[in-house]
Amino acid sequence: MTGVPADAATVKLHVMGHTYCTVDGRPVRLSVKSLALLAYLALERRPHHRDRVADLLWESSGALRNLRVELSRLRQRGLNLFAAGEPMLDLKVATDLDEWLAAPDDATESELSAWLSASGGLPLSGLDDVGTVAFRSWLDTRRAVIAQVVEERLHRAHTRQLARGGGGAALIEGHLHRQGLSVPATPASPPTRLTFERPDLRAKLRDILRRAAAAPQLVAVEDRSWPDLREIAQQVAADAGWQLLDVRAPADPDLLAPVLGRQLWHLTAPDTAPAGEPGDLLVQAWTRVAASGQKVLVAIHVGASLAAPVVRSLQVALSLPGRLAVLLYGTHGGGALHQHLATFDAARVHRLSVPPLGVAEILALLARADPALSAEQRLELAIVIAQQSEGWGYFAQSLVRRVLGARVGDTLASVSLLDEVRDVLLGEVAGLEPRLRAALTRLATIHSAFDVALATVLLGPDAPDVLEEAERRGLLSTAAPSERVAMPSLRYQSSDQDDQLSLAGEPLRATLSGMLTSMERRSLRAQMARHHLEDREDAALALYYAQRAARPDLAQAAQARPVPARAAVAAQRGPVALHSGHHAHLEVASGSRREQRTGNGYRVALEGGYLQVLRYGVHARAPLLRLHWPRVPAGEWQLVARVDVFHEAAELGAAEPGFALGIQLPGAPLLRYRPDEVWEDAGAEGGRVPLGRWFRLAGRCASGPVEVQVRALDVALTIASWHVGGEVLVPVTDGRT
Numbered sequence: 012m013t014g015v016p017a018d019a020a021t022v023k024l025h026v027m028g029h030t031y032c033t034v035d036g037r038p039v040r041l042s043v044k045s046l047a048l049l050a051y052l053a054l055e056r057r058p059h060h061r062d063r064v065a066d067l068l069w070e071s072s073g074a075l076r077n078l079r080v081e082l083s084r085l086r087q088r089g090l091n092l093f094a095a096g097e098p099m100l101d102l103k104v105a106t107d108l109d110e111w112l113a114a115p116d117d118a119t120e121s122e123l124s125a126w127l128s129a130s131g132g133l134p135l136s137g138l139d140d141v142g143t144v145a146f147r148s149w150l151d152t153r154r155a156v157i158a159q160v161v162e163e164r165l166h167r168a169h170t171r172q173l174a175r176g177g178g179g180a181a182l183i184e185g186h187l188h189r190q191g192l193s194v195p196a197t198p199a200s201p202p203t204r205l206t207f208e209r210p211d212l213r214a215k216l217r218d219i220l221r222r223a224a225a226a227p228q229l230v231a232v233e234d235r236s237w238p239d240l241r242e243i244a245q246q247v248a249a250d251a252g253w254q255l256l257d258v259r260a261p262a263d264p265d266l267l268a269p270v271l272g273r274q275l276w277h278l279t280a281p282d283t284a285p286a287g288e289p290g291d292l293l294v295q296a297w298t299r300v301a302a303s304g305q306k307v308l309v310a311i312h313v314g315a316s317l318a319a320p321v322v323r324s325l326q327v328a329l330s331l332p333g334r335l336a337v338l339l340y341g342t343h344g345g346g347a348l349h350q351h352l353a354t355f356d357a358a359r360v361h362r363l364s365v366p367p368l369g370v371a372e373i374l375a376l377l378a379r380a381d382p383a384l385s386a387e388q389r390l391e392l393a394i395v396i397a398q399q400s401e402g403w404g405y406f407a408q409s410l411v412r413r414v415l416g417a418r419v420g421d422t423l424a425s426v427s428l429l430d431e432v433r434d435v436l437l438g439e440v441a442g443l444e445p446r447l448r449a450a451l452t453r454l455a456t457i458h459s460a461f462d463v464a465l466a467t468v469l470l471g472p473d474a475p476d477v478l479e480e481a482e483r484r485g486l487l488s489t490a491a492p493s494e495r496v497a498m499p500s501l502r503y504q505s506s507d508q509d510d511q512l513s514l515a516g517e518p519l520r521a522t523l524s525g526m527l528t529s530m531e532r533r534s535l536r537a538q539m540a541r542h543h544l545e546d547r548e549d550a551a552l553a554l555y556y557a558q559r560a561a562r563p564d565l566a567q568a569a570q571a572r573p574v575p576a577r578a579a580v581a582a583q584r585g586p587v588a589l590h591s592g593h594h595a596h597l598e599v600a601s602g603s604r605r606e607q608r609t610g611n612g613y614r615v616a617l618e619g620g621y622l623q624v625l626r627y628g629v630h631a632r633a634p635l636l637r638l639h640w641p642r643v644p645a646g647e648w649q650l651v652a653r654v655d656v657f658h659e660a661a662e663l664g665a666a667e668p669g670f671a672l673g674i675q676l677p678g679a680p681l682l683r684y685r686p687d688e689v690w691e692d693a694g695a696e697g698g699r700v701p702l703g704r705w706f707r708l709a710g711r712c713a714s715g716p717v718e719v720q721v722r723a724l725d726v727a728l729t730i731a732s733w734h735v736g737g738e739v740l741v742p743v744t745d746g747r748t
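Take 12 as the starting number for the sequence shown in the working numbering and just add one per residue.
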């Protein structure tokens with residue numbers, strides 16, 4: 012755009028991300044120096060002498076001449092913004108920051124998402140290599156000012172969205188987390204109808220705060236527990252008269268010290284600006300907070316590691332005579348975090364974990380949230396939410412909000428990863444080193460367990476180091492083709508001989524994969540298709556990758572290859588499933604639930620005596636789970652159970668058929684059962700069971716070991732009772748043997 016007259020009223024400068032200029036909404040091509048000139052004058056909002064501006068932007072003796080050249084270029088572009096011959100330069104134009112700050116607080120959630128996305132970039136991007144040292148110092152300062160203004164505006168919007176209700180506040184919290192900004196401490200309120208009560212956790216937090224009133228205490232929260240714990244901590248702190256300050260770690264660990272120092276400083280001196288080296292400032296801030304007499308619970312996200320200045324300041328903080336509790340929550344950095352904890356007084360260090368959420372707790376919440384639901388509707392809904400949320404309370408709350416007032420089948424059958432959950436996961440992976448994060452996004456396109464050789468196809472020679480680091484941080488887990496859990500003790504141990512790995516959960520895999528562009532995903536899937544055609548001779552998986560890569564040539568090659576037939580199944584039929592008439596529901600006391608999670612993500616739980624198998628699997632061929640009882644007497648057996656979720660991922664071409672319930676009796680073939688809504692092979696041994704209803708199976712067996720088996724991508728199996736030869740295997744009254 013050249014030669015189009017424009018005055019200040021039609022010009023807008025964009026400074027919240029990449030710096031550029033528009034006239035009447037159309038971008039104007041300007042030099043970087045011109046953009047720096049406009050940005051400086053527009054954001055300073057006061058006149059500056061030409062000599063001052065020239066010396067700021069050029070270090071040469073011809074700085075003033077260079078300034079005149081840039082002003083002339085602006086006029087040639089139609090930007091007649093400065094009076095000729097005036098010694099002072101003054102610019103009053105609109106900026107995108109002004110518009111963003113002035114946006115109304117009562118936006119809808121869709122409008123809010125667009126508004127938040129505008130604040131996600133580095134302010135004044137593209138100007139780092141411009142001008143003198145003095146200009147770059149101004150640039151750093153101005154970015155910090157913009158960040159603070161943006162943070163304050165987000166806090167104001169958060170307060171308004173909280174008052175309105177709905178999911179807007181959660182969207183803002185997720186955005187604040189991703190940007191490394193503090194999440195405002197909101198006034199505590201009584202537990203809402205969508206709050207899990209968690210009495211044991213509340214009691215532990217109350218005890219920690221009681222101790223902290225006498226001497227500072229340090230609390231380490233395991234991995235992803237903080238989103239579940241935050242609302243509870245907020246309520247417990249408010250009830251005890253404590254403030255809660257939540258500080259999120261920036262992507263760069265070295266920036267945590269200045270961010271934390273500024274937040275702490277504002278607790279005691281909100282109208283003053285701290286100054287000094289970050290480490291010294293942080294110690295001063297802790298000292299001021301301790302001396303103020305305030306009761307403060309400071310929650311700090313530590314990312315992958317804690318910088319040395321932060322560790323030193325915490326050691327000072329714990330030695331101060333103040334009423335202070337510091338809660339550290341990490342993102343897959345447990346090893347590094349525990350290493351730091353070893354340097355503190357063990358008597359003041361507490362480790363806190365949030366146990367996986369059980370069906371009974373979800374049932375209790377649903378009863379409060381929607382009393383109109385029938386007991387059967389609540390049970391079905393609670394089981395499906397427990398399965399899909401993986402026991403993560405924050406995820407479960409989001410699912411409850413989604414489904415209240417709707418039928419389960421219409422609501423949860425095809426729910427994709429919820430935005431607020433994805434936001435939390437994006438915030439977690441944002442703290443990883445860029446190299447590791449980039450490698451994990453590539454691994455997220457693999458739809459099978461993988462070893463070093465397969466990972467090398469996508470990662471090259473870095474694969475061994477990446478897998479070791481990711482497994483150490485809990486981002487990868489062992490993915491054996493078959494796993495065994497000893498019953499009734501729930502003992503499980505992965506083997507060092509198992510060299511197959513997978514990402515630690517489907518929500519994490521989906522989040523990482525979503526960070527790639529569609530073109531990047533197609534390219535990686537094409538690589539996988541070629542590899543499975545040429546090196547692995549797995550035509551079924553090659554076909555899946557080829558179709559997802561939109562590569563008909565590779566798909567045709569895969570279809571031309573022979574596909575191994577599914578494993579043959581004996582013709583003998585097992586007992587037929589009958590409606591059980593069972594109407595029991597899980598209403599159990601707190602603390603009566605135990606859970607074991609396997610490397611493949613099978614969750615085996617004993618709750619109120621019932622046996623549950625839940626899985627929300629990484630999208631890959633389903634592995635086998637075996638629950639093993641060493642010996643039962645001969646005689647009649649009867650089992651009462653229900654299946655509420657079953658998916659197999661048949662599109663991946665598994666050689667072994669999936670099943671929701673397998674019963675291995677002594678000296679007999681395995682009986683396989685699948686829900687009738689997805690049952691395809693009428694000749695398979697075992698048969699069909701109803702989906703979402705209690706059923707009964709019965710028969711006779713010899714003495715010896717027995718197993719319950721499951722092979723499923725996603726499953727929710729509940730066994731209410733299993734009697735064999737007069738012995739009661741389920742309900743389990745005491746499995747700690």
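Note that CB positions come from ideal geometry on N, CA and C, so glycine has one too.
At which residues does the alpha helix (DSSP H) containing residue i begin and terminate?
i, result
"H277", "267-279"
"R626", "Element bounds for R626: not the alpha helix (DSSP H) but the beta strand (DSSP E), 621-627."
"P563", "563-570"
"H132", "First, the residue type needs correcting, since residue 132 is Gly and not His in the sequence shown. Taken as a continuous stretch (DSSP letters only), G132 belongs to no alpha helix (DSSP H), as it is neither H nor E."
"D549", "Element bounds for D549: n/a, residue is neither H nor E."
"R299", "289-303"
"E242", "237-250"
"S513", "Taken as a continuous stretch (DSSP letters only), S513 belongs to no alpha helix (DSSP H), being part of the beta strand (DSSP E) at 512-514."
Measure the C-alpha to C-alpha separation of residue i and residue j and round it to an integer number of angstroms.
i, j, result
"S45", "V395", "58 Å"
"Y405", "A231", "19 Å"
"S364", "S500", "21 Å"
"V686", "L478", "Sequence inspection shows Pro at residue 686; the Val mentioned does not correspond to that position. Cα-Cα distance, rounded: 37 Å."
"Q87", "L41", "11 Å"
"Y51", "A158", "16 Å"
"A49", "V300", "The amino acid at residue 49 is misidentified as Ala; the sequence shows Leu. About 41 Å."
"E548", "R541", "10 Å"
"T127", "H169", "Reading off the sequence shown, one finds Leu at residue 127, where the question assumed Thr. Distance between the alpha carbons of L127 and H169: 11 Å."
"D510", "A225", "49 Å"
"A660", "L54", "55 Å"
"H361", "S330", "16 Å"
"L514", "E482", "9 Å"
"E162", "E110", "15 Å"
"L519", "E618", "27 Å"
Skipping 5 residues on each side, what residues in its chain have a beta carbon closer than 6 Å to that of residue i?
i, result
"I730", "L622, A652, V741"
"L75", "A65"
What does residue i pair with, by DSSP beta-bridge criteria?
i, result
"F657", "V726"
"H60", "M99"
"Y31", "H25"
"D117", "Note: D117 sits in no beta bridge, so no partner."
Name the two residues that bound the continuous beta strand (DSSP E) containing residue i.
i, result
"V161", "Here V161 belongs to no beta strand (DSSP E); instead the alpha helix (DSSP H) covers 144-175."
"W640", "635-643"
"G673", "670-675"
"Y405", "Careful: Y405 lies outside any beta strand (DSSP E), inside the alpha helix (DSSP H) at 404-414."
"V337", "335-340"
"Q508", "Unbroken run through Q508: none, as it is neither H nor E."
"R683", "682-686"
Assuming residue i contacts residue j (C-beta within less than 8 Å), just tell me the rounded distance between them.
i, j, result
"Q398", "A666", "At roughly 25 Å, the Cβ-Cβ gap does not stay under 8 Å, so Q398 and A666 are not in contact."
"T489", "L437", "Wrong, their Cβ atoms sit about 25 Å apart, outside the cutoff."
"L220", "I243", "12 Å between Cβ atoms; not a contact."
"D107", "V26", "6 Å"
"R614", "R626", "7 Å"
"L352", "V321", "That pair is no contact at about 13 Å."
"L138", "V43", "7 Å"
"G664", "A633", "Not confirmed; about 12 Å, so no contact."
How about residue i: is its Cβ closer than 6 Å to a heavy atom in the ligand FMN?
i, result
"K103", "The model on display carries no ligand, and the ligand FMN is accordingly not part of it."
Going along the chain, which residues of its own chain have a beta-carbon closer than 8 Å to the beta-carbon of residue i, five neighbours each way excluded?
i, result
"A380", "R204, L205, V411, L415"
Under 7 Å Cβ to Cβ from residue i, same chain only, skipping five residues before and after it: list those, please.
i, result
"V717", "W640, V643, Q675, L676, P677, V735"
"D62", "L75"
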